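Enquirer:
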Amino acid sequence: GLCHHAKRCVVCDQHSCEKCALVRGDGDDVARIARHLGSEAFVIVDFDRTLCSTRAGADPSIIGKKKPPVADEALVELLASTKRGVVLTRNSHRDGIRTFLDDRHLGHVAVRSAKLEQTSKAAILKELL
20 GLCHHAKRCV VCDQHSCEKC ALVRGDGDDV ARIARHLGSE AFVIVDFDRT LCSTRAGADP
80 SIIGKKKPPV ADEALVELLA STKRGVVLTR NSHRDGIRTF LDDRHLGHVA VRSAKLEQTS
140 KAAILKELL
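My numbering puts the first residue of the sequence shown at 20, with every later residue one more than the last.
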């Protein structure tokens, strides 16, 4: 994801650009901006350590001896309020992520796994935008 206006990488530089209508921030920043945009906002979030407390591509449906994964409730609420939402991740456990979303009534949110699609998150982001 390259911002053509500032010639900066959106991912590497954590760059935001109003002209591209692309904003980076934490869950509260994203929720605030999306609420301002209304239900037509297109919300794209990462999964591990963003929407969910899982790390390093862990399957959220397998708990084992660890605590169950925890959702970022601000982002869950935001995704529930928007018509267009995508989880964009390198995590290959798409079915586990789908279950995690469905358990939170987020069936309308698409799941895109760069690892399963054998591409980069930047390439998928470019396709989505």
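The beta-carbon is built from N, C-alpha and C at its ideal position, and this holds for glycine as well. Just so it is clear, the structure is predicted and the values come from calculations on it, not from any experiment.
Since Leu107 and Leu144 should fall inside the 8 Å C-beta cutoff, what is the C-beta to C-beta distance between them, to a whole number of angstroms?
Expert: Leu107 to Leu144, Cβ: 6 Å. Contact.
Enquirer: Could you check what DSSP says for Thr118 in three-state terms: helix, strand or coil?
Expert: Collapsing the DSSP output to three states places Thr118 in a helix.
Enquirer: Count the other C-beta atoms from every protein chain shown that fall within 10 angstroms of the C-beta of Asp91, then say buried if there are 16 or more, exposed otherwise.
Expert: Classified as buried, Asp91 has 16 or more neighbouring CB atoms from the shown chains inside 10 Å of its CB.
Enquirer: Going straight from the alpha carbon of Ala93 to that of Gly46, what length do you get?
Expert: 6 Å
Enquirer: Taking the alpha carbon of Ile116 as the reference point, which residue from Thr101, Pro79 and Cys31 has its own alpha carbon closest?
Expert: Pro79
Enquirer: Using CA coordinates, which residue listed in Ser72, Ala99 and His112 is at the minimum distance from Glu59?
Expert: Ala99
Enquirer: Measuring straight from C-alpha to C-alpha, what distance separates Cys71 and Val89?
Expert: Rounded to the nearest angstrom, the two C-alpha atoms are 6 Å apart.
Enquirer: Leu41 by DSSP, collapsed to three states: which one?
Expert: strand
Enquirer: Quick one: Cα of Glu37 to Cα of Arg27, how far?
Expert: If you take the alpha carbons of Glu37 and Arg27, they lie about 13 Å apart.
Enquirer: Leaving out five residues before and five after Cys39 in sequence, what residues of the same chain have Cβ atoms less than 6 Å from its Cβ?
Expert: Cys22
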